[in-house]
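*Asks:*
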Amino acid sequence: MSYVSTESSGGSNFWATFFESQRLLSGTIIILIYILLLSIFAYLISGYIAKLYRGEKTWLDPVSGRLVNFFINMFGEDARKDTKMKEYFITLIVFNAAAGIIAFVFFFFQSYIPFAGITHNYSFSLSFNTVTSFLTNTDLQHYSDPLHLSYLSKTFVLTGLMFLSASTGFAVSMAFIRGILNENGRIGNFYRDFLVSVFYLIFPLTILVTIIFILSGVPQDLSQYVNVNPILSGGIQRLPLGPVATWEAIKNIGTNGGGFYGSNAAMPLENPNWFTNLVEFLSFTVIPLGSILSLGKVFNNRGFARTLYVVLISIFFFTTFMTFFAEYSGIPSITSLGTIFTGNMLGKETAIGISQTSIFSSGAVFTSTGAADSVLLAFTPAGLLGLMGNLILNDPLGGVGTGVLNIFMYVIFAIFITSLMVGKLPEIMSIKISSKEIKYSTLSLVTHPLLVLIPFGITMLLPALVIGDPNPRPDVISSVLYEFLSAASNNGSEVGGFVTNTAFFNITDGILMLLGRFVLMGLQLAIAQSFATKSPKVETGRTIETGSPLFALMLFVTIIMLGVLSFFPVLALGPFLSWAKDFNLFIGGML
Amino acid sequence: MKTKSVLKLFAFAALFMFILGFVYPTVSSIVAEGIDPFQANGSLIEENGTVYGSYLLAQAFNESYFFQPRPSATGYSYSGSGSGSYALDANQTLNQTRSLISRFISENPTVNISRIPYSMVSYSGSGVDPDIPLLGAQDQIPRITGALHFTLLAAGKNVSNTSLESFLNDTVSRYTVQNFPLFGSYYVNTVQLNLAILNLLIGDGALKGY
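Protein chains in written order, with the numbering used here: chain E, 1 to 591; chain B, 1001 to 1210.
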């Protein structure tokens, strides 16, 4: 395994050489360092997020507070009144629709806009797909060439939507938590929550991360592209440039995940080295995990936050190491060729390496980011299965804000089941769970499998819809399943292999993304509304203790069972079958 | 909902898309270009106003005295993406890898297959990965030594193979970095290596410029 002889490895010491020769060990250590750093930073930010959820004073008040008040005054009464769920949700929908319409107009007609300097127009279905995908925090990109986007499309339209979708997500989580805390039947004001999300959380963090990226070599300029004469060869190539650092910052902080360049964070200009890779990973996981940890402080129930942390991190551990071990070992047909094989480097970058690629990809599907620093199509079947494991659970950690909502759906469901089993009262934070909340949470949990499996079934029945995929059948099944999983869970990562820019996939994915985001938000806000009219009771000790290890186990089992039961049959046709084929696991020549 | 409220929301959305989406990136660009124009413009290799590439992006270095970067499925295009449309277990991928291995061996005849890192015969994710594993660079040193010797001889300079080899070894170890502190694996940036070679050739009069 060791391919660096001691005298040649660039002035190294004993330990560096040792770790160089033990790639499996050092990869494992790198992944553990990533998870440790994530936990530390999420813990550090959780107190601040808890203050935002409880509406308390923070140290950003002198600046952000003034900005929020300025805009509230600008929009008058609409931005001040305390609303119920219905009005809150309608405001949210109209706001998002407005942004979507504005974006669509600018995007679809980008070649007619003066000074845009671009002559390329996108088709209707591609424009629809791109706008919905950036609006719903998904960032599935069926377009690939950044040269076809004008500066205005890259900034005003796409960067603008990335900010808006992240802040909308966090605003909804604020309303949801207020619903549980309040007793007056009101869940807040969308304008206010949106402004607080922007000025207290998303924008300050984006500025910080932008500065880090600019200092570590990510470009940030006003040009659309620059002409390059490659060394000692004729022919001019266009190198797309522009505001990459700000794009990267909001892409990760807002758990959006759409790349400035077609190859996303694999492109060295988006992600030049291990340091930026680490910063990107931390910036797309820190708000989702931080908001989960903050729940302990919000509800004065540390045990609850600990339970959620343990359950989520164990899922993350499991899927990450599954991906890492699979990518490290590769598949027999390639490893038997006789080269020095230290991991499946096809479609990965040397400066990032196997372990950091695995944790990055896993983190991107564990949250709803969907950024990729590698080509997912070139992953081993088991590596891809590790990523899909997160997607079938609807991105366990969720996006900015939406993670809190998703985990609550599982918690409500798990409390209900556990209470039924042991004959206790189903209560959450001392609030009684009634049939209405159970109905809504169950609906929101089945929405995801339904959204994925119905279009998947249709596509499988009509093979003509999948154009130009040269790969073995099980791989095609995995790619199509991944496509719909990613759209419905608002993730945005993509395996590809077939032509995704077709009217069918553009429109279907667009609809899935809209339903996967706004139907769930509606159901979740309805739960918040119904909690908002209830007041907490005195602890009686006859309810499930949400901080207990037993409940943690139940929650873990509930999450895994729901995902696995809904998706096991299709997983068997896709990644499991490819895996069995690659490793010749068939007995007696079956298949 | 009243029409006025709907219009207000349209204004709210447009205003924030403009502030956060347009004003913020534009202002940051102007500031960044003022502070660090080299990195803000993409770490470009510039000589007398002409751009020859970027330190962060590989190109097809079409001379045998250059270190070859990893193979590219997109022909080192800056706006293309990906490692091709074949899955890892497709037959085409296997054939591709085989032909990339034989190409590497025919370019570097001194190298045995058991000394080729898999990265050197697999497409990178971006298609423009400038970095290769340390061993991938060391494998190429014998070939580059010969080619440099020949090129310099043609320009009337007889430089011994030993001194060329030690120059290349020094250059490689000067630019060797790890992809994670202590635990990472070693790699080198081919653009930096090749610029060092280019400057040597220009300094010795074998080449006029980029």
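Glycine residues also receive a C-beta, built at the ideal position from the N, C-alpha and C atoms.
Pull up the DSSP beta-bridge partners for E:Arg238, would you.
*Replies:* Partner(s): E:Asn227.
*Asks:* Using a cut-off of 7 Å between C-beta atoms, extract the partners of E:Glu248 located in chain B.
*Replies:* Going along chain B, no residue has its Cβ under 7 Å from E:Glu248, so there is no contact; the nearest lies around 11 Å.
*Asks:* State the beta-bridge partners of E:Lys534 as determined by DSSP.
*Replies:* Answer is none; E:Lys534 lacks a bridge partner.
*Asks:* Give me the chain B residues within the contact set of E:Leu377, using Cβ-Cβ distance strictly less than 9 Å, ordered along the chain.
*Replies:* Simply Gly1082, Ser1083, Gly1084, Ser1085, Tyr1086, Ala1087 and Leu1088.
*Asks:* Report the residue from E:Glu20, E:Gly401, E:Leu181 and E:Arg517 whose alpha carbon sits nearest the alpha carbon of E:Ile202.
*Replies:* Nearest of E:Glu20, E:Gly401, E:Leu181 and E:Arg517 to E:Ile202, Cα basis: E:Gly401.
*Asks:* Taking the continuous alpha helix (DSSP H) assigned at B:Asn1194, which residues delimit it?
*Replies:* It spans Thr1190 to Gly1203 - the alpha helix (DSSP H) in which B:Asn1194 sits, taken as one unbroken run.
*Asks:* By DSSP, does B:Pro1130 sit in helix, in strand, or in coil?
*Replies:* B:Pro1130 falls in the coil class under three-state DSSP.
*Asks:* So what does E:Gly258 bridge to, in DSSP terms?
*Replies:* Answer by DSSP bridge pairing: none, since E:Gly258 is not bridged.
*Asks:* Out of curiosity, what's the CA-to-CA distance linking B:Phe1150 and B:Leu1201?
*Replies:* Their Cα atoms are separated by approximately 12 Å.
*Asks:* Check the C-beta distance from E:Asn277 over to E:Asp373 and give it rounded, since I have them as a contact under 8 Å.
*Replies:* That belief holds up - the Cβ atoms of E:Asn277 and E:Asp373 are roughly 6 Å apart, short of 8 Å.
*Asks:* Ignoring anything shorter than 4 residues, give me the alpha helix (DSSP H) runs that lie fully in the stretch 488-519 of chain E, in order along the chain.
*Replies:* 503-514, all fully within the stretch 488-519 of chain E.
*Asks:* Are the beta-carbon atoms of B:Asp1139 and E:Ala351 separated by less than 7 Å?
*Replies:* It is not a contact, given that the beta carbons lie outside the stated cut-off.
*Asks:* Would you decide whether E:Glu56 is buried or exposed? Buried here means 16 or more other CB atoms lie within 10 Å of its CB.
*Replies:* Result: exposed.
*Asks:* Does chain E have any CB closer than 7 Å to the CB of B:Gly1075?
*Replies:* It does not; no Cβ of chain E falls within 7 Å.
*Asks:* If you pair each beta-carbon of the stretch 561-576 of chain E with each one of the stretch 27-37 of chain E, do three or more pairs fall below 8 Å?
*Replies:* Contact fails: fewer than three Cβ-Cβ distances are below 8 Å.
*Asks:* Relative to chain B, which residues along the stretch 256-290 of chain E have a C-beta separation below 7 Å, given in chain order?
*Replies:* Correct list: Tyr261, Gly262, Ser263, Ala266, Met267, Pro268, Leu269, Pro272 and Trp274.
*Asks:* Provide the residue span of the alpha helix (DSSP H) that contains B:Ser1054, from first to last.
*Replies:* Note, B:Ser1054: premise wrong, no alpha helix (DSSP H); beta strand (DSSP E) at Thr1050 to Ser1054.
*Asks:* At least one CB of chain B closer than 7 Å to the CB of E:Val228: is that the case?
*Replies:* For E:Val228, the answer is yes, since a Cβ of chain B falls inside 7 Å of its Cβ.
*Asks:* So, with DSSP's three-state summary, where would you put B:Lys1157?
*Replies:* The answer is coil: DSSP assigns B:Lys1157 none of H, G, I, E or B.
*Asks:* Indicate whether B:Thr1176 and B:Leu1134 have their beta-carbon atoms separated by less than 7 Å.
*Replies:* Yes, they are a contact pair.
*Asks:* What does DSSP give as the partner residues of E:Ile428 in its beta bridges?
*Replies:* BP columns for E:Ile428 point to E:Ile431.
*Asks:* Over what stretch of residues does the alpha helix (DSSP H) that includes B:Glu1033 continue unbroken?
*Replies:* First-last of the alpha helix (DSSP H) with B:Glu1033: Tyr1024 to Ile1035.
*Asks:* Thinking C-alpha only, which one of E:Ile354, E:Thr380 and E:Phe299 is nearest E:Ser333?
*Replies:* Here the closest residue by C-alpha is E:Thr380.
*Asks:* Report the residues of the stretch 1012-1036 of chain B with a CB closer than 8 Å to any CB of chain E, ordered along the chain.
*Replies:* Residues Phe1012, Ala1013, Ala1014, Phe1016, Met1017, Phe1018, Leu1020, Gly1021, Phe1022, Tyr1024, Pro1025, Thr1026, Ser1028, Ser1029, Ile1030, Ala1032, Glu1033, Ile1035 and Asp1036.
*Asks:* When the Cα atoms are used, what is the spatial distance from E:Gly338 to B:Phe1066?
*Replies:* The alpha-carbon atoms of E:Gly338 and B:Phe1066 are separated by roughly 26 Å.
*Asks:* Give a yes or no on contact between the stretch 155-168 of chain E and the stretch 542-561 of chain E, applying the rule of three or more CB pairs nearer than 8 Å.
*Replies:* Segments in contact, no.
*Asks:* How many angstroms separate the CA atom of B:Asp1129 from the CA atom of E:Gly217?
*Replies:* Approximately 15 Å between the Cα atoms of the pair.
*Asks:* Of all the alpha helix (DSSP H) runs that stay within the bounds of the stretch 148-190 of chain E, which reach a length of 4 or more residues?
*Replies:* Whole alpha helix (DSSP H) segments, 4+ residues: 160-181.
*Asks:* Taking just the CA atoms, how far does E:Leu208 sit from E:Leu44?
*Replies:* C-alpha separation (whole angstroms): 16 Å.
*Asks:* If we count Cβ pairs, one from each stretch, closer than 8 Å, do we get three or more for the stretch 322-333 of chain E versus the stretch 410-424 of chain E?
*Replies:* No, because fewer than three Cβ pairs between the stretch 322-333 of chain E and the stretch 410-424 of chain E fall closer than 8 Å, the two stretches do not touch.
*Asks:* Taking a Cβ distance cut-off of 9 Å, strictly less, list which residues of the stretch 362-376 of chain E are near chain B, in chain order.
*Replies:* Of all residues in the stretch 362-376 of chain E, Ala372, Asp373, Ser374 and Val375 have a Cβ within less than 9 Å of some Cβ in chain B.
*Asks:* Would you say E:Ala604 faces chain B, with C-beta separation under 7 Å as the test?
*Replies:* An answer regarding residue 604 of chain E cannot be provided, because it is not within the stretch 1 to 591 covered by chain E.
*Asks:* Would you please state the rounded distance, in angstroms, between the beta carbons of B:Tyr1123 and E:Gly347? I believe it to be under 8 Å.
*Replies:* Contact flag correct, Cβ pair sits at about 7 Å.
*Asks:* Note down, in chain order, each residue of its chain lying with its Cβ closer than 6 Å to the Cβ of E:Phe199, except the 5 sequence neighbours on either side.
*Replies:* Contacts found: Ser64, Leu67 and Val68.
*Asks:* For the alpha helix (DSSP H) containing E:Ile292, name the first residue and the last one.
*Replies:* Segment Trp274 to Val298, the alpha helix (DSSP H) holding E:Ile292.
*Asks:* Would you mind telling me which residues of chain B sit closer than 9 Å to E:Phe203, beta carbon to beta carbon, in chain order?
*Replies:* Those within 9 Å of E:Phe203 in chain B are Leu1020 and Tyr1024.
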